[in-house]
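Asks: Throughout, the working numbering is defined as the position within the sequence shown, counted from one, plus 9. The beta carbon of each residue, even a glycine, is placed where N, CA and C say it ideally should be.
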Amino acid sequence: MTASEETIAYWKQQVEAFEKSGMSRSAFCEQNQLKIYGLDYWRRRFLKPKKRGEVKSGWIPLQVKDNAGQEKTESICLRIGKVEIEIGRGFDQELLVEVLRVVGPAC
10 MTASEETIAY
20 WKQQVEAFEK
30 SGMSRSAFCE
40 QNQLKIYGLD
50 YWRRRFLKPK
60 KRGEVKSGWI
70 PLQVKDNAGQ
80 EKTESICLRI
90 GKVEIEIGRG
100 FDQELLVEVL
110 RVVGPAC
């Protein structure tokens, strides 16, 4: 099922208004009687793909040391908003990327 042109135009207007408002998602949605998940869905849908090379991404080396300066690589805890992910040595990078894609919008 595809959205009608009218629906797409409505949400495009709402997303643009939100982005210009400077308001939090919850305040904007409350004021405009919208559901946050609806706004989030359409914001993602209207995201323009970045041009190649515009954003650099990849993995950078990370060395975690304890207070005595000794390298400590058993695991690290990644906190993003209310989400906490513990990453152990030898973790699967592709799995972490998938997890971050899922929890990212919740942060």
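Measure the C-alpha to C-alpha separation of Leu-43 and Gly-99 and round it to an integer number of angstroms.
Replies: Whole-angstrom Cα-Cα distance: 43 angstroms.
Asks: In this structure, does DSSP put Arg-98 in helix, strand or coil?
Replies: Correct three-state label for Arg-98: coil.
Asks: Under the three-state reduction of DSSP, which class applies to Ser-84: helix, strand or coil?
Replies: Looking at Ser-84 - three-state DSSP - the assignment turns out to be strand.
Asks: Just mark Phe-55 as buried or exposed, buried being the case when its beta carbon has 16 or more other beta carbons within 10 Å.
Replies: By the 10 Å Cβ count, Phe-55 comes out exposed.
Asks: Could you tell me the distance, in whole angstroms, from the CA atom of Gln-102 to the CA atom of Lys-91?
Replies: Gln-102 and Lys-91: Cα-Cα distance of roughly 21 angstroms.
Asks: Who are the near neighbours of Gln-23 in its chain, counting only those whose CB is closer than 8 angstroms to its CB and skipping five residues on each side?
Replies: Only Asn-41, Leu-43, Leu-48, Trp-51 meet the Cβ criterion.
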